[in-house]
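Per my numbering, the very first residue in the sequence shown carries number 536; after that it's consecutive. A short write-up of the structure that comes next.
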Amino acid sequence: MIDRVLKYSLLLGYGYFSFLLLLITLQYVPLDLDVAFLRIKQEEIAKGYYQIAFFTHVYTSIFLMLFAGFQFFVKLNKENYYWHKLSGRLYVFTILFLSGTSGLIMSYHANGGWIAKTSFLILSVLWIYFTAKSWTCAVKGQIAEHRKYAIRSFALTLSAVSLRLFKYIVVFLFHPPPMDTYRIVAWMGWIFNLLLAEIIIYNKFKK
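As structure tokens, then:
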């Protein structure tokens, strides 16, 4: 009973935050160069390659929540094995060739100076690496390793959510200047997730 309540609570929370990310994405539909976050990125958005990277990242990342949700919240069995493989392939392709690579380009132009840029650069590299390792391990039949790297990849995918949550928490508790807040959550948003992922992996796969 408790496990079922926890599962549905997590699913409800996941759906809620996915909806919030969808609302953020819809701010840029139709394509607009002077709305929301881009209002403070006018110098960068004037660069053609940054425009491509930004809108690729924004328009594709929301689909990762759908693909990953199927991977982690739908029980794997014979009936849905095909959909598990399909959503997994779409998830991997989106990160390796769209969301992850565009995020890597955007990290060079992140607000917050070298502190934030370094954080987003590491995040992007690890996101791509964990996702690629998850795929190669699956192809090799190394299922346990595949699942471990998939959990790590998913943890970094969720940094889009946790970064915003930590922003509200840090501002509410400490009231730092906006750019200091951004530097702090740039690191907290993914390090916390990755530490939590390692705890889950340890407990799930320990002998």
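Just so you know, even glycine gets a beta-carbon here, dropped at the ideal spot from N, CA and C.
- The shortest CA-to-CA distance from Trp725 to any of Leu693, Leu599, Gln606 is the one to Leu693.
- Annotation for Asp715: the continuous alpha helix (DSSP H) segment containing it runs 713 to 740.
- Annotation: the continuous alpha helix (DSSP H) that includes Leu621 extends over 616 to 629.
- By the criterion of at least three beta-carbon pairs nearer than 8 Å, the region 711 to 721 is in contact with the region 635 to 653.
- The C-alpha of Ile686 is placed about 6 Å away from the C-alpha of Ala732.
- For Val593, the enclosing alpha helix (DSSP H) covers residues 583 to 608.
- If you look at His681, you'll find it in the alpha helix (DSSP H) that goes 678 to 692.
- Taken in chain order, the region 545 to 575 contains no complete beta strand (DSSP E) segment of 3 residues or longer.
- Scanning its chain for C-beta atoms nearer than 6 Å, with the 5 sequence neighbours on each side dropped, one finds around Leu698 the residues Val720, Gly724, in chain order.
- Straight-line measurement puts the Cα of Tyr664 at about 23 Å from the Cα of Arg718.
- DSSP, read as helix, strand or coil, puts Tyr643 in coil.
- Close CB contacts of Gln586 within its chain, under the 7 Å cut and outside five residues either way in sequence, are with Ile580 (chain order).
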